[in-house]
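Numbering (the working numbering), first residue to last: 1071 to 1249. We put the CB at the ideal spot given by N, CA and C, even for glycine. Okay, so here's the structure we're looking at.
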């Protein structure tokens, strides 16, 4: 089997093998690029009431406000994944460990501004493979990345190799006709 045929087959089967992962990664990556444009993907950041940081509620008060909502995704502090503080908008986004729920709280008044779902977090887990599991994220996704690099370089070689062969054949034919 010549190298061109070998690369052709490897290129084809590698592309087929990783096509589903590449399509999912491409679609989710596209949606993640647009996440701030569509509240359905990621809720818009609300605007809290203006006030200096010294007037902001304490973290203890923030968690009390969130837990007082009696939302099933926020039963205790263990349900809080993280808090994203936006001082320019005077808002704290409290994100749940489960179901990608987000509660936005005004940092000056302690008023709840929004309770919504962050589908962007779900999209990120799907995008990087962590939704399927840690082994998939840690071992399969790097192999997919390397396979994509292989596809790029083998595709370039498959494109260039016939051009180089034709050029060599033409040069050889010219030498024969000249000599």
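Specify, as a first and last residue, the run of the alpha helix (DSSP H) that residue 1222 falls within. Element bounds for residue 1222: 1211 to 1248.
Exposed or buried, residue 1144, counting other C-beta atoms within 10 Å across all chains shown (16 or more means buried)? Label assigned to residue 1144: buried.
8 angstroms contact criterion, which residue 1189 and residue 1170 should meet: CB distance rounded: Indeed they touch by this definition, with Cβ atoms about 7 angstroms apart.
Backbone CA spacing between residue 1221 and residue 1203 [nearest angstrom]: When the Cα atoms are used, residue 1221 and residue 1203 turn out to be separated by approximately 25 angstroms.
Look up residue 1163 in the DSSP assignment and say whether it is helix, strand or coil. Three-state DSSP puts residue 1163 in a strand.
Examine the Cβ distances between the stretch 1130 to 1142 and the stretch 1080 to 1094 and report whether three or more of them are shorter than 8 angstroms. Flag = no, the stretch 1130 to 1142 and the stretch 1080 to 1094 do not touch.
Residue 1213 versus residue 1101 - alpha carbon distance: Distance between the alpha carbons of residue 1213 and residue 1101 is about 23 angstroms.
Measure the C-alpha to C-alpha separation of residue 1154 and residue 1229 and round it to an integer number of angstroms. Between residue 1154 and residue 1229, the C-alpha separation is close to 48 angstroms.
Residue 1130 versus residue 1157: straight-line alpha-carbon distance, rounded: Straight-line Cα distance between these residues: approximately 18 angstroms.
Buried versus exposed, by CB contacts within 10 Å (16 or more), residue 1235: Its Cβ having fewer than 16 others within 10 Å, residue 1235 is exposed.
Could you compute how far the alpha carbon of residue 1253 sits from the alpha carbon of residue 1185? Nothing about residue 1253 can be read from this structure; the chain reaches only from 1071 to 1249.
Under a Cβ-count criterion, where at least 16 other Cβ atoms within 10 Å of its own Cβ denotes burial, should residue 1226 be classed as buried or exposed? It counts as exposed.
Which whole-angstrom value describes the C-beta separation of residue 1118 and residue 1159, a residue pair presumed to lie in contact below a C-beta threshold of 8 angstroms? Contact holds; Cβ gap of about 6 angstroms.
Whether residue 1124 touches residue 1150 by CB criterion (8 angstroms): Against a cut-off of 8 angstroms, the Cβ pair of residue 1150 and residue 1124 comes out as no contact.
Go ahead and label residue 1132 buried or exposed: buried means 16 or more other beta carbons lie within 10 angstroms of its beta carbon, across all protein chains shown. That one is buried.
Output the distance between the C-alpha atoms of residue 1206 and residue 1083, rounded to the nearest integer angstrom. CA-CA distance, residue 1206 to residue 1083, rounds to 20 angstroms.
Helix, strand or coil, according to DSSP, for residue 1124 in the structure here? In this structure, residue 1124 counts as helix in the three-state DSSP scheme.
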